[in-house]
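J.: One structure follows; several queries about it will come next.
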Amino acid sequence: MALVPPLPSHPSLDYTILKPFVNSDPSRFILGPSLTEVPAPINSPFSGDGFPLKKAIHLQSWYSSASTGKSLRTWPSTSEAYLTWLDRVEAAFSDFWREVGIYAAIQLSRHPPVADNLLLAAALCFWSSTSNVFLFKRGPLIPTLLDVAAITGLRPHGVSVSMSYNPDGVSDFEDCLDLNDLAYSKFIRKFAGESPAPVTKNEHTAFLLYWLCHNIFCTRSQKINRDFVPIAVGLSNGDRLALGPYFLAFVYREIFDSIKILPSGDDIAISSGCGVFWFLQMFLQFYIPALCQSPFNPTSVAQFDSYG
Numbered sequence: 001m002a003l004v005p006p007l008p009s010h011p012s013l014d015y016t017i018l019k020p021f022v023n024s025d026p027s028r029f030i031l032g033p034s035l036t037e038v039p040a041p042i043n044s045p046f047s048g049d050g051f052p053l054k055k056a057i058h059l060q061s062w063y064s065s066a067s068t069g070k071s072l073r074t075w076p077s078t079s080e081a082y083l084t085w086l087d088r089v090e091a092a093f094s095d096f097w098r099e100v101g102i103y104a105a106i107q108l109s110r111h112p113p114v115a116d117n118l119l120l121a122a123a124l125c126f127w128s129s130t131s132n133v134f135l136f137k138r139g140p141l142i143p144t145l146l147d148v149a150a151i152t153g154l155r156p157h158g159v160s161v162s163m164s165y166n167p168d169g170v171s172d173f174e175d176c177l178d179l180n181d182l183a184y185s186k187f188i189r190k191f192a193g194e195s196p197a198p199v200t201k202n203e204h205t206a207f208l209l210y211w212l213c214h215n216i217f218c219t220r221s222q223k224i225n226r227d228f229v230p231i232a233v234g235l236s237n238g239d240r241l242a243l244g245p246y247f248l249a250f251v252y253r254e255i256f257d258s259i260k261i262l263p264s265g266d267d268i269a270i271s272s273g274c275g276v277f278w279f280l281q282m283f284l285q286f287y288i289p290a291l292c293q294s295p296f297n298p299t300s301v302a303q304f305d306s307y308g
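Residue 251 in the UniProt record's numbering sits at position 251 of the sequence shown; the count goes up by one each step and never skips.
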């Protein structure tokens, strides 16, 4: 078995695991390592140009795709068919949605935010994959459970959502799913009922599954993802799910998976599938109101490429 290398020495760090918080109270400790003095500016996580990343993102290539004309292809959107379905199901289950804590989040899907691609690209220049925070010069900034609750209304507590979560009815609903009907448009045509027929539990579950995949988690496959079936079934059963922690973890994972360092190590490429960045954009605009403006003019992208 290989030996664990010793910790590097540093004049500003004390590697004591448990250090007395105050000498007068031996029962109070702080968890090490800890700082013994204010670090010198050279220890700042910022590089010489002010970015945690070695080089800024090439914004012109990230702004638009030659095939789709937009970079964030899974960004949430709405359609007449979806809004009609939403109105139909809401008329029967609005009170139920309030009880389980998803009413506000569902209403967000009526008016999804307009993607500001350049704002997101610029912000991600300050994202540290090591500490999972935005390293701004005024200090670190990260989305928290309170931010998720304030922006989306998703519950920060309740029944935990995990791989072991398997509510009653999952297998029965999965039997109704056909691999040929997982495209969003086909899914609506198959499961959306019409008046005066009542909204069945199966239709309600299907609506929740569509909403989760298309408007909340914005799956990269751009179709229904069966991994979200247990959540949709649990919500339709009335389970008070703690969707806040699950959603926040999903956002962090998408950020990590989206920022890729090219083999050369000189440039940063960002995946174009992160529709869940709608939350990240709203978070940044809420904390920095000056960013709540119309998206940047694509013709002005060149000036941003000089950073880094």
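Using N, Cα and C, we set each Cβ at its ideal position, and we do this for glycine too. Nothing here was measured: the structure is a model prediction, and the numbers come from that model.
Specify the secondary structure class of residue 102 as computed by DSSP and reduced to three states.
T.: Coil at residue 102, not helix or strand.
J.: Within its chain, find whatever has a CB closer than 6 Å to the CB of residue 133; leave out the 5 residues flanking it on each side and keep chain order.
T.: Counting only Cβ-Cβ distances below 6 Å, and skipping sequence neighbours, we find 140, 142.
J.: What are the boundary residues of the alpha helix (DSSP H) that residue 145 is part of?
T.: Where residue 145 is concerned, the enclosing alpha helix (DSSP H) stretches over 145–152.
J.: Taking the beta strand (DSSP E) that residue 135 falls in, what are its first and last residues?
T.: 133–136 is the extent of the beta strand (DSSP E) around residue 135.
J.: Report all residues from its chain with a CB closer than 6 Å to the CB of residue 183; omit the five preceding and five following residues, and keep chain order.
T.: These residues qualify, in order along the chain: 223.
J.: For residue 264 and residue 128, I'd like the C-alpha separation in whole angstroms.
T.: Bear in mind that the predicted position of residue 264 carries a pLDDT of just 45, short of 50, making it too unreliable to give a figure here.
J.: Relative to the C-alpha of residue 208, which residue among 284, 20, 101 is closest?
T.: Looking at the Cα atoms, 101 is the closest of the given residues.
J.: Could you tell me the distance, in whole angstroms, from the CA atom of residue 178 to the CA atom of residue 147?
T.: Those two C-alpha atoms are separated by around 37 Å.
J.: Would you call the stretch 235–246 and the stretch 113–121 in contact, with 3 or more CB pairs under 8 Å?
T.: They do not touch, by the three-pair rule.
J.: Would residue 210 be called buried (16 or more neighbouring beta carbons within 10 Å of its own) or exposed?
T.: Buried.
J.: When you compare only the Cα positions, how much space is there between residue 229 and residue 291?
T.: Looking at the two C-alpha atoms, the distance is approximately 36 Å.
J.: Just to confirm my understanding: we take residue 156, look at its own chain, exclude 5 residues before and 5 after, and list those with CB closer than 8 Å. What are they?
T.: So the qualifying residues of the chain are 145, 146, 148, 149, 242, 244, 245.
J.: State yes or no: is the beta carbon of residue 119 nearer than 8 Å to at least one beta carbon in chain C?
T.: No chain C is present in this structure, which holds just one protein chain.
J.: Does the distance from the C-beta atom of residue 88 to that of residue 195 stay below 8 Å?
T.: Contact flag set, yes.
J.: Please list the terminal residues of the continuous alpha helix (DSSP H) segment that includes residue 230.
T.: Run containing residue 230: 229–237, per the alpha helix (DSSP H) assignment.
J.: Please identify the residue among 76, 86, 201 whose C-alpha is closest to the C-alpha of residue 233.
T.: Ranking the options by Cα distance to residue 233, first place goes to 201.
J.: Between the alpha carbons of residue 253 and residue 176, how many angstroms are there, rounded?
T.: Taking the straight line from one Cα to the other gives about 30 Å.
J.: Roughly how many angstroms separate the alpha carbons of residue 180 and residue 287, rounded to a whole number?
T.: When rounded, the distance between both Cα atoms is 43 Å.
J.: Applying the criterion that 16 or more other CB atoms from any shown protein chain within 10 Å of the CB defines a buried residue, is residue 256 buried or exposed?
T.: Label assigned to residue 256: exposed.
J.: Can you name, in chain order, every residue of its own chain whose Cβ lies under 6 Å from the Cβ of residue 43, other than the five neighbours on each side?
T.: Because the pLDDT of residue 43 is 48, which lies under 50, any placement of that residue in the model is unreliable, and the question is left without a value.
J.: Along the chain, which unbroken stretches of the alpha helix (DSSP H) at least 4 residues long are found entirely within the stretch 190–224?
T.: Complete alpha helix (DSSP H) runs here, min 4: 201–211.
J.: Out of curiosity, what's the CA-to-CA distance linking residue 105 and residue 154?
T.: Going by the C-alpha atoms only, they are around 7 Å apart.
J.: Can you name, in chain order, every residue of its own chain whose Cβ lies under 7 Å from the Cβ of residue 82, other than the five neighbours on each side?
T.: These residues qualify, in order along the chain: 188.
J.: Note down, in chain order, each residue of its chain lying with its Cβ closer than 6 Å to the Cβ of residue 169, except the 5 sequence neighbours on either side.
T.: Hits under 6 Å: 233.
J.: Taking the C-alpha atoms as reference points, what is the distance between residue 191 and residue 185?
T.: So the two alpha carbons sit approximately 10 Å from each other.
J.: What residues in its chain sit with their C-beta under 7 Å from that of residue 231, if we drop five residues either side in the sequence?
T.: Once the five neighbours on either side are set aside, the close Cβ partners of residue 231 are 161, 212, 241.
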